Structure formats: structure tokens, C-alpha cells
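Numbering (our numbering), first residue to last: 16 to 248.
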Amino acid sequence: MGNRTLLATAVLCVTAALTLTACGDDKKADAKGAGDSVSATPSPPKPVDPFKGLTPAQISEKARVAMTKLDSFKVKGGMTTDGEHMTFDFAVAAKGNCHGTFTTGGASAEIRQVGGDTFMKGDEKFWQQTGSEEHSSSKETDALTEMLKGRWVKMPAGDAKADDKFPFCDIGTMFEKDEKDEKESHFTRGADTEVNGTPAVTLTGKDGAATQTLLVSAKGQPYALRLAAVGGK
């Protein structure tokens with residue numbers, strides 16, 4: 016999984032359905048004689064490592080491939096860039112549709128992508144911030160806010176700002192293979208852990224000044240369950 020292509024997601028969470036199978040027999044064992052009893056406590060089987068023999072880079076690649084095969088998933092988390100913190104919560108479908116919200120600086124906006132078109136609906140504070148960032152006058156900003164608050168706005172195709180802010184609406188972009196990152200991967204495998212009850216392996220690595228931690232499911236498909244990137248830009 017490419018380091019650079021995943022930095023934008025910051026913290027990645029995928030919810031997978033787990034099937035639990037109960038084993039047992041309600042029938043009592045027949046006793047050979049009165050007062051006889053049989054008791055056996057088998058030793059628990061040793062957990063099987065699904066990634067035995069694989070390098071950390073190979074585990075990361077398995078996770079990347081598994082994510083590209085999903086029909087849909089949810090991504091939720093936060094990121095801080097240039098001192099500005101953003102939180103986001105999105106549902107993404109392989110066919111290109113996505114829907115979610117992001118909040119930054121106390122302002123929030125809803126994003127919906129359908130059939131290749133992207134729409135945004137921001138609250139009053141969001142449009143006030145937008146006007147300020149565009150160096151509009153107070154009068155122009157107030158007029159913009161009054162006109163757009165609470166309304167869906169279609170974003171121009173190829174809008175660079177939209178592409179930069181919402182890469183998680185495009186599964187292909189999020190999980191594209193980065194040959195350079197794969198060759199220069201410095202992931203190491205750490206202690207096993209759990210994410211919401213699902214066993215996971217821990218991979219850590221450096222991407223320039225950034226330190227990344229990737230948790231990959233060790234049960235079922237090797238989905239990427241969580242990603243944290245700290246430091247760097």
C-alpha cells in the first residue's frame with residue numbers, strides 16, 4: 016500500500032462482518048457407572064499466523080489489493096495540515112459514488128459524489144470561511160453565504176481543491192499501487208493487536224519525516240483497519 020497515496024486518509028477504519036460459530040452438544044455423556052465422571056480440557060489451539068513467511072511490504076501489498084476488491088467501505092478520521100484540523104466521515108462505493116461530511120474550524124460541509132459529479136452543501140460558517148479564504152470583501156462574503164448556505168452546489172469538474180481534499184471518494188486513487196513506495200518500503204512488523212475485537216498485525220514505517228502505523232486484519236480478508244500518520248507535512 017503506497018505511503019503517499021494513503022497519507023490523505025490519516026485514519027482508516029473498515030467495518031467487516033464476522034461470522035461466529037458456536038460448537039457444543041447439549042447431550043450429557045453417558046457414565047460408565049454410578050458416580051463415574053469424565054472431564055477433559057483440551058489445550059487451546061495455537062493461533063495461525065496468516066502472514067507467516069511474508070515480509071511487512073508483502074503484507075501491506077496484500078492489504079492494498081484486498082481494499083481494491085471491496086464493493087464499498089467507510090472511512091472515518093481526522094487530519095491536521097498546516098495547523099488546520101479536519102475530521103471526516105464518508106461512505107465510499109467502488110462504482111464511484113460517495114457521501115459524507117467533513118468539519119474544519121467549526122464549519123462543516125456535506126459532500127455527495129454521484130455518477131462522476133460532485134456536489135457540496137456547506138453551513139453558514141463554511142461559506143463565510145470560503146469567502147475569507149478567497150479574500151472577498153465582507154459584503155461579497157455575506158452575499159455568497161446568504162445565497163449558498165443550506166443549498167447543494169455542483170462543483171466544477173477537475174476542481175483541484177476538490178481532488179486534494181477528497182481523495183477518499185475514489186477507491187482507485189486511494190489504493191493505487193506506488194512502485195516507488197514498494198521498492199523503498201521500510202515497514203517493520205510490530206506486536207499483534209486488535210481493532211474493535213478483530214485481530215490485527217501492526218506495521219510501522221517512515222515516509223520522509225512522517226511515521227506511519229498500519230493495522231491489517233489477521234482474520235478473514237487482510238483489510239486495512241486503521242492507519243495513523245504522524246509528522247511530516
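No residue lacks a Cβ here, since even glycine has one placed at the ideal position from N, Cα and C. None of these values were measured; they are calculated from a predicted model.
Separation of Ser151 from Val245, as counted between CA atoms
Distance between the alpha carbons of Val245 and Ser151 is about 34 Å.
Scan the stretch 115-183 and note each continuous alpha helix (DSSP H) run of 4 residues or more that stays entirely inside, going in chain order.
DSSP runs (the alpha helix (DSSP H)) wholly in the stretch 115-183: 139-148, 153-163 and 175-180.
Cross-strand partners of Lys221 (DSSP beta bridge)
DSSP output for Lys221 lists Thr226 as bridge partner(s).
Among residues of its own chain, excluding the 5 on either side of Phe190, which ones have a beta-carbon nearer than 6 Å to its beta-carbon?
Excluding sequence neighbours, Phe190 sits near Arg79, Met82 and Thr83.
Tell me whether Thr188 sits in a helix, a strand or coil according to DSSP, three-state version.
Three-state DSSP puts Thr188 in a helix.
When burial is assigned at 16 or more other CB atoms within 10 Å of the CB, is Lys166 buried or exposed?
Here residue 166 turns out to be Arg, not Lys, going by the sequence shown. Result: exposed.
Decide if Met162 is buried, meaning its Cβ has at least 16 other Cβ atoms within 10 Å, or exposed.
Classification for Met162: exposed.
Enumerate in chain order the residues of its own chain whose CB-to-CB distance from Thr156 is below 7 Å, with the five nearest sequence positions on each side excluded.
If you ignore the 5 residues before and after Thr156, its C-beta comes within less than 7 Å of the C-beta of Gln143, Gly146 and Ser147, all in its own chain and listed in chain order.
By Cβ distance, which residues of its chain are closer than 8 Å to Leu69, with the 5 residues on each side in sequence left out?
If we look at Leu69 and ignore the five residues flanking it on each side, its Cβ neighbours are Lys77.
Cβ contact check for the stretch 199-211 and the stretch 227-244: 3 or more pairs under 8 Å:
Yes: at least three Cβ pairs fall under 8 Å.
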